[in-house]
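> Below you will find the structure I want to go over with you.
There are 2 protein chains.
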Amino acid sequence: MPKLSFKAQVLQAREQAILDAVVRLLAEKGFELMTLDEVAAEVGIAKASLYKHFDSKESLAAAAMVQLLEVCLAELDRLASLPGLSAIERLHGVVRWALNTQLAGQMPTLPAQNSALRGALLADTGYLSRLDDVSERLGAWIVDAQAAGQIDARLPIELVLFTLFARACDPVLGVMRATGRYPDQTLVDWLLHTCFHGLAATAVALPTAQP
Amino acid sequence: MPKLSFKAQVLQAREQAILDAVVRLLAEKGFELMTLDEVAAEVGIAKASLYKHFDSKESLAAAAMVQLLEVCLAELDRLASLPGLSAIERLHGVVRWALNTQLAGQMPTLPAQNSALRGALLADTGYLSRLDDVSERLGAWIVDAQAAGQIDARLPIELVLFTLFARACDPVLGVMRATGRYPDQTLVDWLLHTCFHGLAATAVALPTAQP
DNA sequence: GTCTATATGGAGATAGAC
DNA sequence: GTCTATCTCCATATAGAC
Numbered sequence: 001m002p003k004l005s006f007k008a009q010v011l012q013a014r015e016q017a018i019l020d021a022v023v024r025l026l027a028e029k030g031f032e033l034m035t036l037d038e039v040a041a042e043v044g045i046a047k048a049s050l051y052k053h054f055d056s057k058e059s060l061a062a063a064a065m066v067q068l069l070e071v072c073l074a075e076l077d078r079l080a081s082l083p084g085l086s087a088i089e090r091l092h093g094v095v096r097w098a099l100n101t102q103l104a105g106q107m108p109t110l111p112a113q114n115s116a117l118r119g120a121l122l123a124d125t126g127y128l129s130r131l132d133d134v135s136e137r138l139g140a141w142i143v144d145a146q147a148a149g150q151i152d153a154r155l156p157i158e159l160v161l162f163t164l165f166a167r168a169c170d171p172v173l174g175v176m177r178a179t180g181r182y183p184d185q186t187l188v189d190w191l192l193h194t195c196f197h198g199l200a201a202t203a204v205a206l207p208t209a210q211p
Numbered sequence: 001m002p003k004l005s006f007k008a009q010v011l012q013a014r015e016q017a018i019l020d021a022v023v024r025l026l027a028e029k030g031f032e033l034m035t036l037d038e039v040a041a042e043v044g045i046a047k048a049s050l051y052k053h054f055d056s057k058e059s060l061a062a063a064a065m066v067q068l069l070e071v072c073l074a075e076l077d078r079l080a081s082l083p084g085l086s087a088i089e090r091l092h093g094v095v096r097w098a099l100n101t102q103l104a105g106q107m108p109t110l111p112a113q114n115s116a117l118r119g120a121l122l123a124d125t126g127y128l129s130r131l132d133d134v135s136e137r138l139g140a141w142i143v144d145a146q147a148a149g150q151i152d153a154r155l156p157i158e159l160v161l162f163t164l165f166a167r168a169c170d171p172v173l174g175v176m177r178a179t180g181r182y183p184d185q186t187l188v189d190w191l192l193h194t195c196f197h198g199l200a201a202t203a204v205a206l207p208t209a210q211p
């Protein structure tokens with residue numbers, strides 16, 4: 001790739017700072033309640049300057065979602081590269097990563113059916129292609145796990161996939177955390193357990209807290 | 001109770017129509033995107049007239065949420081009155097009712113942590129007392145189900161309770177429905193199954209579609 | 001209580017100097 | 001590209017006649 005001038009590097013770093021702030025604010029307040037004034041304030045630039053980097057609030061949020069998917073894809077790469085993991089163990093790893101990302105305040109909730117953001121995302125090919133990529137790779141693991149008798153083969157792949165997406169932003173984590181009664185990693189273990197084994201009593205051991 | 005004059009009855013019917021519209025719009029678009037113009041249009045009255053019935057958008061939404069909790073309490077009454085049901089069967093019944101309510105477009109999503117609605121709800125004693133009521137009654141069933149070995153006794157009651165609330169508005173239902181590939185009741189059965197038994201393969205039979 | 005008309009404020013987006 | 005200042009729209013909320 002071409003060498004970037006110092007100025008271009010500064011510019012890119014600023015854009016990165018903007019996207020980080022947007023991801024955080026999307027996770028904290030959601031698209032509707034996030035204001036560009038807040039974004040500008042958090043980055044430390046003028047609101048008007050945001051428009052030199054992005055066309056609109058929607059495109060700004062879409063770029064942030066693309067960045068999140070990139071981070072997700074990197075995690076999928078990491079899990080895929082770990083030797084000796086079964087398909088279900090990789091899926092556990094993804095959910096654990098997602099819940100920890102949520103704990104870190106960096107997991108936006110899924111855009112509601114009616115949000116203005118939804119339309120922008122569906123029109124953004126960069127977003128869609130990465131979403132497809134994530135779905136394809138998770139889908140393959142789901143198929144493998146079903147073949148291995150680890151995921152219920154009576155459930156359609158897409159149901160499993162959407163459920164994993166939904167659990168990544170499960171509001172239960174935030175509400176339970178707000179009680180202040182349990183360590184973060186215990187909550188992650190519990191949610192991981194209820195995601196794959198439900199609320200019913202089972203012979204399955206609860207996962208023990210992992211970093 | 002005192003007999004209502006005809007005029008008072010008309011007034012009460014109008015308030016009921018308003019609350020129904022608000023519940024529907026809250027379910028469809030959420031609090032932030034719901035506008036009072038829409039509410040007024042749907043009811044067929046002028047926007048200003050809404051303010052003769054309710055002080056603000058927040059109090060209007062809070063009244064709608066109270067109404068939803070009333071419907072929920074009535075369903076809890078109904079399930080409690082059915083003879084011969086075990087605690088877990090009653091909990092299944094509640095989740096099934098919630099999912100069907102969501103299918104009917106009458107289940108608003110939980111207010112986000114940061115929403116202006118949240119503050120209004122936490123300040124509304126009518127809402128809080130009914131929420132406590134629902135929580136108490138579900139909590140008792142959860143304790144019973146844990147004692148009977150039907151709900152995992154290693155999970156705190158509040159975790160189970162919050163999970164049930166979250167599953168009532170699970171976005172997976174709407175997304176799966178949008179694919180148009182599966183009958184509504186099949187989706188309800190699947191979500192009921194994943195709520196209590198998770199995504200993992202089990203020896204448990206899938207629930208068969210119920211009305 | 002219901003209406004039409006209006007006030008008010010907030011947030012996305014733009015203008016134009018530097 | 002960044003800034004200050006401004007425009008514009010839209011949604012909540014209110015005024016005042018009937």
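So the sequence lines, in the order shown, correspond to chains G and S. Just so you know, we're using this note's numbering here: the first sequence kicks off at 1 and counts up by one. Just so you know, we're using this note's numbering here: the second sequence kicks off at 1 and counts up by one. Heads up, the beta-carbon is just placed ideally off N, CA and C, and yes, glycines get one too. Treat the numbers as computed from the prediction; the structure is a model and nothing was measured.
#1: Going along the chain, which unbroken runs of the alpha helix (DSSP H) with 4 or more residues stay wholly within the region 144-187 of chain G?
#2: Quick check on DSSP: helix, strand or coil for G/Gly200?
#3: Give me the residue from S/Lys29, S/Phe6, S/Leu4 and S/Glu42 with the minimum Cα distance to S/Ile18.
#4: From which residue to which residue does the alpha helix (DSSP H) around G/Thr101 run?
#5: Please say whether G/Ala27 and S/His197 have beta carbons closer to each other than 8 Å?
#6: What would DSSP say about G/Ser59, mapped onto helix, strand or coil?
#7: So, at 6 Å on beta carbons, what are the nonlocal neighbours of G/Gln102 in its own chain, with the 5 sequence-adjacent residues on each side left out?
#8: Looking only at C-alpha atoms, which of G/Val204, G/Thr202, G/His193 and G/Ala203 sits nearest to G/Gly93?
#9: Rounded to the nearest angstrom, what separates G/Ala64 and G/Arg24 at their Cα positions?
#10: Leaving out the 5 sequence neighbours to the left and right, which residues in its chain are closer than 6 Å to G/Gln150 when beta-carbon positions are compared?
#11: Which ranges does the alpha helix (DSSP H) cover as unbroken runs of at least 4 residues, wholly within the region 31-80 of chain G, from first to last along the chain?
#12: Taking the alpha-carbon positions, what's the S/Met176 to G/Leu159 distance?
#13: Check whether chain G comes within 8 Å of S/Leu206, counting only Cβ atoms and requiring the distance to be less than that.
#14: Answer with yes or no whether the minimum CB distance from S/Ala147 to chain G is below 8 Å.
#15: Check distances from the C-beta atoms of the region 88-112 of chain G to those of chain S and list, in chain order, the residues that come in under 7 Å.
#16: Could you list which residues in chain G have their beta carbon closer than 8 Å to that of S/Cys195, in chain order?
#17: Keeping to the same chain, check which residues put their C-beta closer than 6 Å to that of S/Ala80; ignore five residues upstream and five downstream.
#18: What residue range is occupied by the uninterrupted alpha helix (DSSP H) comprising G/Gly119?
#19: Thinking C-alpha only, which one of S/Gly180, S/Phe162 and S/Thr179 is nearest S/Leu91?
#20: Skipping 5 residues on each side, what residues in its chain have a beta carbon closer than 6 Å to that of S/Ala120?
#21: Mark S/Lys7 as exposed unless 16 or more other C-beta atoms lie within 10 angstroms of its C-beta, in which case mark it buried.
#22: Enumerate in chain order the residues of its own chain whose CB-to-CB distance from S/Thr109 is below 7 Å, with the five nearest sequence positions on each side excluded.
#23: Shorter than 8 Å from the beta carbon of G/Trp141 to some beta carbon of chain S?
#24: Which chain S residues are close to G/Lys29, counting only those with a beta carbon under 9 Å from its beta carbon?
#25: Which class does G/Leu135 belong to by DSSP, given the choice of helix, strand or coil?
#26: With 8 Å as the limit, tell me which residues of the region 9-41 of chain G have their beta carbon closer than that to any beta carbon of chain S; keep them in chain order.
#27: Where does G/Ser5 fall in DSSP's three states?
#28: With 8 Å set as the bound, which would you pick, yes or no: does the beta-carbon of G/Arg154 sit closer than that to a beta-carbon of chain S?
#29: Under 8 Å between C-beta atoms, does S/Glu75 make it to chain G?
#30: Our contact map puts G/Leu68 next to G/Val134 with C-beta atoms below 8 Å; I'd like the distance itself, whole angstroms only.
#31: Using a Cβ-Cβ distance cut-off of 8 Å, determine whether S/Leu159 contacts chain G.
#32: Looking at chain S, is there any beta carbon in it that lies within less than 8 Å of the beta carbon of G/Gly174?
#33: Measure from the alpha carbon of G/Trp97 to the alpha carbon of each residue in G/Pro111, G/Asp124, G/Leu82 and G/Val188, then state which is nearest.
#34: So, using beta-carbon positions, are G/Glu32 and S/Glu38 closer together than 8 Å?
So, from the listed chains and residues:
#1: The region 144-187 of chain G contains these whole alpha helix (DSSP H) runs: 157-168 and 171-179.
#2: As a working note, residue 200 of chain G is residue 200 in the first sequence. For the record, residue 200 of chain G in the displayed sequence is Ala; it is not Gly. In the structure shown, G/Ala200 falls within a strand segment according to DSSP collapsed to helix, strand and coil.
#3: Here residue 18 of chain S refers to the residue found at position 18 when the second sequence is read from its first residue. Of all alpha-carbon atoms in S/Lys29, S/Phe6, S/Leu4 and S/Glu42, the one lying nearest the alpha-carbon of S/Ile18 is that of S/Glu42.
#4: Indexing the first sequence from 1 puts residue 101 of chain G at position 101. Ala87 to Leu103 is the extent of the alpha helix (DSSP H) around G/Thr101.
#5: What you label residue 197 of chain S is simply residue 197 of the second sequence in a count that begins at 1. What you label residue 27 of chain G is simply residue 27 of the first sequence in a count that begins at 1. Here S/His197 is not near G/Ala27, since their CB atoms are 8 Å or more apart.
#6: As a first step, residue 59 of chain G is located in the first sequence; it is residue number 59 there, counting from the start. In the structure shown, G/Ser59 adopts helical secondary structure according to DSSP, grouped into three states.
#7: For this step, residue 102 of chain G is matched to residue 102 along the first sequence. Annotation for G/Gln102: Leu173 place their beta carbon closer than 6 Å to its own, counting only its chain and skipping 5 residues before and after.
#8: Mapped onto the first sequence, residue 93 of chain G falls at position 93. Distances from the alpha-carbon of G/Gly93 to those of G/Val204, G/Thr202, G/His193 and G/Ala203 put G/His193 closest.
#9: One-based indexing of the first sequence puts residue 64 of chain G at position 64. One-based indexing of the first sequence puts residue 24 of chain G at position 24. Taking the CA atoms as reference points, G/Ala64 sits about 9 Å from G/Arg24.
#10: Within the first sequence, the letter at position 150 stands for residue 150 of chain G. For G/Gln150, where only same-chain residues beyond five positions count, the Cβ hits under 6 Å are Ile88.
#11: Listed in chain order, they are 36-43 and 47-53.
#12: Residue 176 of chain S sits at position 176 when you count from the first residue of the second sequence. Residue 159 of chain G sits at position 159 when you count from the first residue of the first sequence. Computed Cα separation, rounded: 7 Å.
#13: Taking the first residue of the second sequence as 1, we reach residue 206 of chain S at position 206. It does; some Cβ of chain G falls within 8 Å.
#14: The residue labelled residue 147 of chain S in the question sits at position 147 within the second sequence. For S/Ala147, the nearest beta carbon of chain G is not closer than 8 Å to its own beta carbon.
#15: Hits within the stretch, in order: Leu110 and Ala112.
#16: The sequence position of residue 195 of chain S within the second sequence is 195, counting from 1. Near S/Cys195 (Cβ distances below 8 Å), the residues of chain G are Gly198 and Leu199.
#17: Along the second sequence, one-based indexing puts residue 80 of chain S at 80. Within the same chain, no Cβ atom closer than 6 Å to the Cβ of S/Ala80 is found once the five residues on either side in sequence are excluded.
#18: Counted from its first residue, the first sequence places residue 119 of chain G at position 119. Element bounds for G/Gly119: Ala116 to Leu122.
#19: Locating residue 91 of chain S in the second sequence gives position 91, where the first residue counts as 1. Its Cα nearest to that of S/Leu91, the residue S/Phe162 stands out among S/Gly180, S/Phe162 and S/Thr179.
#20: By one-based count along the second sequence, residue 120 of chain S stands at place 120. For S/Ala120, where only same-chain residues beyond five positions count, the Cβ hits under 6 Å are Glu58 and Ala62.
#21: Looking up residue 7 of chain S in the second sequence gives position 7. By the 10 Å Cβ count, S/Lys7 comes out exposed.
#22: Your numbering for residue 109 of chain S matches position 109 in the second sequence. Once the five neighbours on either side are set aside, the close Cβ partners of S/Thr109 are Gly30 and Cys169.
#23: Numbered from 1 along the first sequence, position 141 holds the residue referred to as residue 141 of chain G. Not a single CB atom of chain S sits nearer than 8 Å to the CB of G/Trp141.
#24: The residue you call residue 29 of chain G lines up with position 29 of the first sequence. Under the 9 Å cutoff, chain S gives Ala112, Gln113, Asn114 and Ser115.
#25: On the first sequence, residue 135 of chain G is found 135 positions in, with the first residue counted as 1. A small correction: the amino acid at residue 135 of chain G is Ser; Leu does not occupy that position in the sequence shown. DSSP places G/Ser135 in helix when its eight states are reduced to three.
#26: Along the region 9-41 of chain G, going in chain order, the ones with a CB nearer than 8 Å to a CB of chain S are Glu28, Lys29, Gly30, Glu32 and Leu33.
#27: Sequence index remark: in the first sequence, residue 5 of chain G carries index 5 (1-based). In the structure shown, G/Ser5 sits in coil (DSSP, three-state: anything other than H, G, I, E or B).
#28: Along the first sequence, read from residue 1 onward, the residue named residue 154 of chain G stands at position 154. For G/Arg154, the answer is yes, since a Cβ of chain S falls inside 8 Å of its Cβ.
#29: To locate residue 75 of chain S, count along the second sequence from 1; it is residue 75. For S/Glu75, the closest Cβ of chain G is not nearer than 8 Å.
#30: Start at 1 with the first residue of the first sequence, and residue 68 of chain G comes out as number 68. Start at 1 with the first residue of the first sequence, and residue 134 of chain G comes out as number 134. The C-beta separation of G/Leu68 from G/Val134 comes to about 10 Å, leaving the pair out of contact by the 8 Å criterion.
#31: Within the second sequence, numbered from 1, the residue matching residue 159 of chain S stands at position 159. Taking CB atoms only, S/Leu159 has a neighbour in chain G less than 8 Å away.
#32: Residue mapping note: residue 174 of chain G aligns to position 174 of the first sequence, counting from 1. Closer than 8 Å: yes.
#33: Here residue 97 of chain G refers to the residue found at position 97 when the first sequence is read from its first residue. Measuring from the Cα of G/Trp97, the nearest candidate turns out to be G/Val188.
#34: If you number the first sequence from 1, residue 32 of chain G lands on position 32. If you number the second sequence from 1, residue 38 of chain S lands on position 38. For the 8 Å CB-CB criterion, G/Glu32 and S/Glu38 do not form a contact.
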